[in-house]
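One structure is given here, and the rest of the page talks about it.
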Amino acid sequence: MNGLPNADVPGGLPLVLASGSPRRSQLLKAAGYKFSVQPAGDDAECGLCSSVTAPELVARYAFRKALDVVRKCDDAVVLAADTVASCDGLVLGKPDDRDHAAAMLRRLSGRRHDVFTGVCLWRSTDGRCVVDVVRTELQMKPISDATLTDHLDSGRWEGKAGAFGFQDGNDWLEIVGTGSESNVVGLPMERLAEMLRDFDRLSTVVDLSDDSFDSADRSQY
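Here the sequence shown stands for residues 1 to 221, where the numbers follow the working numbering.
Okay, here's the thing in structure tokens:
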């Protein structure tokens, strides 16, 4: 992607990406950010109730990923994110296997659906934290059996929410309206730049000893 926005990291601190996602790293590099990568532990993505909404789910996971890494960092701003697709209220995360991927894509075929990304920025020096969620609406054209088989054979569905990657150039995916393309890839770069620029105004202090999302005044998600 070209022309991605960029903003200074608050206080000139190092930026740490709490994700091993190559797509998020690629977006940050394309925007000109300098950062290091320290993925959150696997347990940061476990144990949430399946009844939560998609926006709440990605907000909570982004918060938990950032918390896991910020506890291990000194003098840094930690960036964490989580992305899911949602159709008719059903959350579609990363598929477990080929059959699961096929079922997701058949559900989405010919329909509009949403992609939500939760973004968390957390400054370790003073415990200030901000979480936000960005929504992008997508239209998926009807997928033929041959197209579905080709996609599944390619392996490009692996590790991707909804079993697809917008960045893979699939001509059966279109963004509705003016939604963020980078959000569908996994990190809404426009909103990230705004959060960095307005960090001190948007953020609140969170106690690192308390990992409760709701206690951090995030109950709007």
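Just so it is clear, CB atoms sit at the ideal spot from N, CA and C, and this is done for glycine as well. Note that the coordinates shown come from a computational prediction; the quantities given were computed from them, not determined experimentally.
With C-beta atoms as the reference, is residue i less than 7 Å away from residue j?
i	j	result
G11	A59	no
V184	T136	yes
M189	P39	no
S21	G169	no
V120	V131	One point to set straight first is that residue 120 is Cys, not Val, in the sequence displayed. Taking 7 Å as the Cβ cut-off, C120 and V131 qualify as a contacting pair.
G32	D68	no
L57	L105	no
G127	V52	no
G110	P142	yes
S222	L28	Any property of residue 222 remains undetermined from this structure, which presents the chain solely from 1 to 221.
L152	R98	yes
A103	W157	no
F116	A54	yes
A30	A66	no
Just confirm the distance between the C-beta atoms of residue i and residue j, as a whole number of angstroms; I'd bet it's less than 8 Å.
i	j	result
A81	R123	Rounded, the Cβ-Cβ distance is 16 Å, inconsistent with contact.
A44	R64	4 Å
L79	V16	7 Å
D88	L13	With a Cβ gap of about 42 Å, D88 and L13 do not count as contacting.
Tell me whether residue i sits in a helix, a strand or coil according to DSSP, three-state version.
i	result
E190	helix
A7	coil
S109	coil
F164	coil
G12	helix
E181	helix
V70	helix
T125	coil
S36	strand
L208	coil
D200	helix
Just to confirm my understanding: we take residue i, look at its own chain, exclude 5 residues before and 5 after, and list those with CB closer than 7 Å. What are they?
i	result
R71	L208
K94	G159, K160 and A161
L202	V130 and M195
When the cut-off is 7 Å and only beta carbons count, does residue i lie next to chain B?
i	result
A146	Any reference to chain B falls outside this structure, which holds one protein chain only.
Got a sec? Which residues, its chain only, sit under 8 Å from residue i by beta carbon, not counting five neighbours each side?
i	result
D8	L196 and R197
L90	R107
C73	V16, Q38 and S124
Residues in its own chain within less than 6 Å of residue i by CB, not counting five upstream and five downstream?
i	result
E258	Any question about residue 258 goes unanswered here, given that the chain covers just 1 to 221.
A35	Reading off the sequence shown, one finds Phe at residue 35, where the question assumed Ala. The answer, listed in chain order, is L15, L17 and L28.
So if DSSP puts residue i in a beta bridge, which residue, or which two residues, is it bridged to?
i	result
R60	DSSP lists no partner for R60.
G118	D82 and V133
V52	According to DSSP, which records beta bridges pairwise, V52 is partnered with nothing at all.
E174	Q139
L92	A85
L152	In the DSSP output, where bridge partners are listed per residue, L152 has none listed.
L17	V37 and L79
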